[in-house]
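In what follows, a structure is listed as structure tokens, so that the remarks can point back to it.
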Amino acid sequence: MRYLLDTHTVLWFLEDSEQLSEKAAAVIENRDSDNRIVISVASLWEFTIKHDLGKLRFEGGVTSFRAMIDANGWIVLPIAQSHLENLPGLPPVHRDPFDRLLVATAKSEGIPIVTTDKSIREYDVPCVW
């Protein structure tokens, strides 16, 4: 099964944060051959912007962030036309453009999002936390 990680989920896992739920950690750590962790390029974009603005700290910046994603064997998913086509139909629950794109991606790909974000959980998309 594939799972799409929200940006904060990626950060909390990489930082070994106590904020990460046990269930989310178990999903991410599951090295079963059928388990695939997916990171949207939108999360890399969001990370880069927030890191550049000083809204978050991560040793080594985006280069280190990407290297850790690769080291974990996670798949970086590009933004596809089908993801964008799901954006207009989303209800205005969430105003964050990155989170809306993650929801549209999850809907298009038919995969759950690993997130604690309550606004994302209001959409018709499976979530794990």
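Note that my numbering has the sequence shown beginning at 204, numbered continuously upward. Glycine included, C-beta positions come from ideal geometry on N, C-alpha and C.
Check, Outcome
"For SER311 and ALA283, the rounded distance between their alpha carbons", "9 angstroms"
"Stretch pair the stretch 298-305 + the stretch 240-255: three plus CB contacts closer than 8 angstroms", "yes"
"Contact under 8 angstroms by Cβ, TRP215 with LEU207", "no"
"Extent of the continuous beta strand (DSSP E) to which ILE278 belongs", "278-280"
"Cβ-Cβ distance between ASP209 and VAL296 below 8 angstroms", "no"
"Between the CA atoms of ASP219 and GLU232 - distance to the nearest angstrom", "12 angstroms"
"For ARG205, the first and last residue of its enclosing beta strand (DSSP E)", "205-208"
"Whole-angstrom distance between LEU290 and VAL328, CA atom to CA atom", "13 angstroms"
"Of the listed residues LYS321, PRO315, LYS226 and MET204, nearest to SER236 (C-alpha basis)", "MET204"
"Paired residues, beta bridge with SER285 - DSSP", "DSSP lists no partner for SER285."
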